[in-house]
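Undergrad: End of the sequence shown = 1116 in numbering that gives the first Met the number 0, gap-free, step of one.
C-beta atoms are modelled at their ideal positions from N, C-alpha and C, and glycine is treated no differently.
Handing you this structure, nothing more for now.
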Amino acid sequence: MATIDGRPAQYGITLKQLRDLMEHRGREGVNKVTEYGGVQEICKKLYTSPSEGLSGSQVDLEHRRETFGSNSIPPKPPKTFLQLVWEALQDITLIILEVAAIVSLALSFYRPQQEELVFDDDETSHGWIEGLAILISVIVVVLVTAFNDYTKERQFRGLQSRIEGEHRFAVIRQAEVKQVSVSDIVVGDICQIKYGDLLPADGILIQSNDLKVDESSLTGESDHVKKGEHFDPMVLSGTHVMEGSGKMLVTAVGVNSQAGIIFTLLGAAVDEQEAEIKKMKKEAKKQRKKKSLTGADDDNVTGNSHMNSPAPVPNKLNESQDAKENHVASAPSSGDSHKKEKSVLQAKLTKLAIQIGYAGSTIAVLTVVILIIQFCVKTYVVEGKSWEKNHASHLVRHLIIGVTVLVVAVPEGLPLAVTLSLAYSVKKMMKDNNLVRHLDACETMGNATAICSDKTGTLTTNRMTVVQSYICEQLCKSMPKFSDIPAHVGNAILQGIAVNCAYTSRVMPPEDPTELPKQVGNKTECALLGFVLGLGKNYQTIRDDYPEESFTRVYTFNSVRKSMSTVIPRPGGGYRLFTKGASEMILNKCAFIYGHDGRLEKFTRDMQERLLKQVIEPMACDGLRTICIAFREFVPGKAEINQVHIENEPNWEDEDNIVNNLTCLCVVGIEDPVRPEVPDAIRKCQKAGITVRMVTGDNLNTARSIATKCGIVKPNEDFLVIEGKEFNRRIRDSTGEVQQHLLDKVWPKLRVLARSSPTDKYTLVKGIIDSKVTENREVVAVTGDGTNDGPALKKADVGFAMGIAGTDVAKEASDIILTDDNFSSIVKAVMWGRNVYDSIAKFLQFQLTVNVVAVVVAFIGACAVQDSPLKAVQMLWVNLIMDTLASLALATELPTNDLLLRKPYGRTKPLISRTMMKNILGQAVYQLTVIFALLFVGDKMLDIESGRGADLNAGPTQHFTVIFNSFVMMTLFNEFNARKIHGQRNVFEGIFTNPIFYTIWIGTCVAQIVIIQYGKMAFSTRSLTLEQWLWCLFFGLGTLLWGQLVTTVPTRKIPKILSWGRGHPEEYTEAIAIGEEKFDVDSDKKPRAGQILWIRGLTRLQTQSSTEVFQEQLGTK
């Protein structure tokens, strides 16, 4: 018999059996597990041990992967470069141009007979060059666009894999708890699951405490489901642990898990299904015909559309044909459900692009109409000629000019600039410890006006230590000696800490002896365990005496209880309950306390008041978190005064009576020092006009002390520091409903909200976002790490989750993950966000100037000279410079600290401010003046032959070449002006920090020289003399001087009506439906592999198909 790693190679249970097993729920599941002989027996069949886990040898793990699959879902393959080229070619304007160019090519090769004899000059034989040049420039534009998309997509992939790589999970291997990457989990692993985890695979519970799971991502039911070995042992991947803890045996991973099965139906089968749907529609038509003829019942329309999916798909699914088509059609656009709204910036840009597009197309159509009418009148009426075949090429030429105007008018560089700028920032932000999950979060952050931050771990180091203790009426400000504590009290404290801290929390010796010990798990519990070690005792020996399996009951910590209790069997019979938690909560439940020398005393109201005043409040005012440890005993025999006599097992469900009349053992003060860089970061935020508020679960005095150290609250200032209860009293009306007008009285002054529940945090965030008190509507960022922060993180404009201390649930709800949990990284995010906004604005200022000038020149030229001074190919070149290259150059400017010196824009700030509009119009006036001067009197000025009214087939003139060259020079120099948008004088400042900018600028200049000197027919240019070049340069440099003049005009004098894009983004969301596909930055978020993906897919499913259909799809009976 074959063996692997010293065990048989054949498992005692097959993949199919395990899959069937996981399809059962509740009692059915219990019975099914019992059929296989119980969990322990299944462990044996999978050659794993419930307490020691797998051996972790490579051979064993590989074999398991081969047999049961690996824990990842194959991602959709990325688009190839050719696909992206094909997509770029779908652009309407480009298609029109391509067609026009091809027609023009065809006409240039077509020679009518009689014409041959009349004149055979050099020019007509070059007619084909222009058509070809247009085609080539279209190809260049397409390639550049495709290349940009390609790099962007690669960055996304890198980002996704980085986000996935961050996701680790606690697994027991070789009897040790190890943090393993989610994709390395195999069937047979024993996982420790705890509050806040996102389950990575399907499994069966081996042991659990008070476990509650949110299965809404699978079932759509929002109620938390209670799980336990004896009534519902099945836990599924992609679901969230909302309460409790436990151990599970992994039974299905990757595509074989319940979420994976559904996902395969969703993701992998999408392409197949699209083909299927087409086939289905055809078939359905046939079937319908058949049905009407034969009356036959069409039982199975689709055939099996999921050939490659391992899941048995019940045919019942086909009953809901429509539902299925719907969900397949919308599946590929994988955006998050809550991120559906466009970001403010994108909304404004989309609307702007659409409006410019309309204006451009109107002018383009007008240009064509005018040119054609002029031509017809001149040819047929004035000269009285009859139609000749070569006139067709004239009409095509007019059409090409019109299309070119359109190409220049439509700023397709806009969405590109946004994406480039965002993608560039996101890449750089990784270095600043910001892992951006949603691109638009980056830009929204620049507008943030308020930050609601957690205290623990964000403002503080999250490295907790016990620095004060109060035991037997002795207040110690240093570590007490164990010998000074009465033995019975000391032992109870040791046991109370060791047993009543989650076994996932441990203090490990550091690798380097000079460093501090490593804290693993919950940091507050680690501080308590550190206290035990400080007393010179080992908590592990106590834990070995009481393994988790022996616990009678565990009441796990949650935000309502603010405490944790564990019940263990007592050596002489009966039970012992240990409790730890927020001191004011626990002391309320204490009836006894150990006094001097460990004497038991009644704990009266007065003593409680005194303890609060003399011990707990002073500790809290030092910024310490106070934790109280207490216990209670249930004994079968004669009971002491602080014990309870029991005949049979107490009713553990009645928590209020069980955790009551406790005996207080000690109170400890835990210090969590403020991070050294936080006060400075908060000062920067306040300078930048961002209000920082602290929302914490700690008590009022601790919170106030930390807030003062951070600089959130300054002494002698009129700020609110209140508790959750008081906050709710102020904002709710008599019926208990939250009222916005009451909230508006509270939040502007609120700086610290203590003892707050997750609901309070959510209410506050929602209240600030919805508030209309301030003129510029608030934009709120929130930081959070706990599962309970999920709703607030989702609601906020930008949610920051902690990368180290954060739970999976928090990360899932967030937009940006702080990989170092540090508040000062948020300041970096603000800086980058503002930079994105500014980069886009710079680009707009540059782009719109060119647009206005090019369109006006083409239009007026067409009307006045019957020919556009700027030829089609030239326009395309200008378009390439200004759209694609300039968006690269201007979108990649680095942020400077000056960005943090101005106030945030808020939601309603116009996209194009009055300063920018002043620059755009000012520069446009200058450029138009120069170009029209050159057009009408340039030939006399420069003493060259005029290009006006030249015959259509005449070659390029120096006159029009000078116009084209001057235009490009002015555009290039205006790129410098565009670098500053707040009216700064020095436009060259910081130019060398951006190599991309000057490389592109120099490159464009060189290309322009080549085009002018050697472009000949292809670019309709003639080489210029040095003098003519100097004139062009002179006009170009003029833009810089003119720019200084424009800056001098006071902005305040400009009417407000000239700013564009003010108002609230809600107004913009309607506009978006039109340009959705083209401008959607999110549309290329490929479904990402791994868990996070499943949840999205699942959430999508749940919104798209009703639950019944869904359960049929799961293959339930």
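For residue 722, name the three-state secondary structure that DSSP assigns.
TA: strand
Undergrad: Got a sec, what are the start and stop residues for the beta strand (DSSP E) residue 209 sits in?
TA: Unbroken beta strand (DSSP E) run through residue 209: 201-213.
Undergrad: Under the DSSP definition of a beta bridge, which residues are partnered with residue 690?
TA: 449
Undergrad: Per DSSP, which residues does residue 630 bridge with? Please list them.
TA: 577, 662
Undergrad: What is the residue span of the beta strand (DSSP E) that residue 250 lies within?
TA: 239-251
Undergrad: What's the gap between the Cα of residue 556 and the Cα of residue 523?
TA: 12 angstroms
Undergrad: Please return the same chain residues whose Cβ sits closer than 7 angstroms to the Cβ of residue 867, not counting the five positions on each side in sequence.
TA: 400, 857, 860, 861
Undergrad: Decide yes or no for the touch test of the region 894-909 against the region 1026-1033: beta carbon pairs closer than 8 angstroms, at least 3 of them.
TA: no
Undergrad: Helix, strand or coil, according to DSSP, for residue 817 in the structure here?
TA: strand
Undergrad: Pull up the DSSP beta-bridge partners for residue 710, would you.
TA: Beta-bridge pairing links residue 710 to no other residue.
Undergrad: Please classify residue 379: is it buried, with 16 or more other beta-carbons within 10 angstroms of its beta-carbon, or exposed?
TA: exposed
Undergrad: Do residue 195 and residue 785 have their CB atoms nearer than 8 angstroms?
TA: For residue 195 and residue 785, yes; Cβs fall inside 8 angstroms.
Undergrad: With a threshold of 8 angstroms, are at least 3 pairs of Cβ atoms found where one atom belongs to the region 577-597 and the other to the region 491-507?
TA: yes
Undergrad: Could you name the residues that DSSP lists as bridge partners for residue 1127?
TA: Nothing can be reported for residue 1127, as the shown portion of the chain is limited to 0 through 1116.
Undergrad: From which residue to which residue does the beta strand (DSSP E) around residue 563 run?
TA: 562-568
Undergrad: Let me confirm a value: residue 823 is counted as buried when at least 16 other C-beta atoms fall within 10 Å, else exposed. Which label applies?
TA: buried
Undergrad: Near residue 545, which residues of its chain fall below 6 angstroms by C-beta distance, leaving aside the five closest residues on each side in sequence?
TA: 498, 567
Undergrad: Output the distance between the C-alpha atoms of residue 659 and residue 590, rounded to the nearest integer angstrom.
TA: 8 angstroms
Undergrad: What separation, rounded to the nearest whole angstrom, lies between the Cα atoms of residue 594 and residue 630?
TA: 15 angstroms
Undergrad: When burial is assigned at 16 or more other CB atoms within 10 Å of the CB, is residue 73 buried or exposed?
TA: Classification of residue 73: exposed, given that the 10 Å Cβ count is below 16.
Undergrad: Could you give the first and the last residue of the continuous beta strand (DSSP E) run that contains residue 264?
TA: Under the DSSP assignment, residue 264 falls outside any beta strand (DSSP E); it carries neither an H nor an E label.
Undergrad: Report the rounded CA-to-CA distance for residue 651 versus residue 547, giving the unit in angstroms.
TA: 17 angstroms
Undergrad: What's the call for residue 845, buried or exposed, on a 16-neighbour Cβ count within 10 Å?
TA: The residue in question, residue 845, is buried, as its Cβ has 16 or more Cβ neighbours within 10 Å.
Undergrad: Would you mind sorting residue 1092 into buried or exposed? The rule is 16 or more other CB atoms within 10 Å of its CB.
TA: Only weak support is given to the placement of residue 1092: the predicted model assigns it a pLDDT of 42, under 50, and the value that follows is read from those uncertain coordinates. With 16 or more Cβ atoms within 10 Å of its Cβ, residue 1092 is classed as buried.
Undergrad: Rounded to a whole number of angstroms, what is the C-alpha to C-alpha distance between residue 177 and residue 168?
TA: 8 angstroms
Undergrad: I believe residue 174 touches residue 50 by the beta-carbon criterion, under 8 angstroms. Please report the beta-carbon distance rounded to the nearest angstrom.
TA: 7 angstroms
Undergrad: Is it true that the CB of residue 783 sits closer than 8 angstroms to the CB of residue 809?
TA: Cβ atoms of residue 809 and residue 783: closer than 8 angstroms.
Undergrad: Could you name the residues of the same chain whose beta carbon sits closer than 7 angstroms to that of residue 21, not counting the 5 residues immediately before and after it, in chain order?
TA: 201, 233, 250, 251, 257
Undergrad: Apply the 10 Å Cβ neighbour rule to residue 997 and answer buried if 16 or more other Cβ atoms are within range, or exposed otherwise.
TA: exposed
Undergrad: Which residues bound the alpha helix (DSSP H) around residue 82?
TA: For residue 82, the enclosing alpha helix (DSSP H) stretches over residues 80-87.
Undergrad: Select from 968, 41, 4 the residue whose C-alpha is nearest the C-alpha of residue 16.
TA: 41
Undergrad: Which one of 642, 371, 719, 573 has the shortest CA to CA distance from residue 599?
TA: Residue 599 has its Cα closest to that of 642, out of 642, 371, 719, 573.
Undergrad: Measure the Cβ-Cβ separation of residue 483 and residue 694 and say whether it is below 8 angstroms.
TA: no
Undergrad: Using the Cα positions of residue 963 and residue 1041, report the straight-line distance between them to the nearest angstrom.
TA: 20 angstroms
Undergrad: Thinking residue 852 and residue 738 are a contact (beta carbons under 8 angstroms), I'd like their distance in whole angstroms, please.
TA: Rounded, the Cβ-Cβ distance is 54 angstroms, inconsistent with contact.
Undergrad: For residue 1086, which of helix, strand or coil comes out of DSSP?
TA: The predicted model places residue 1086 with a pLDDT of 37, which falls under 50 and marks its position as unreliable; any figure quoted below should be read in that light. In this structure, residue 1086 counts as coil in the three-state DSSP scheme.
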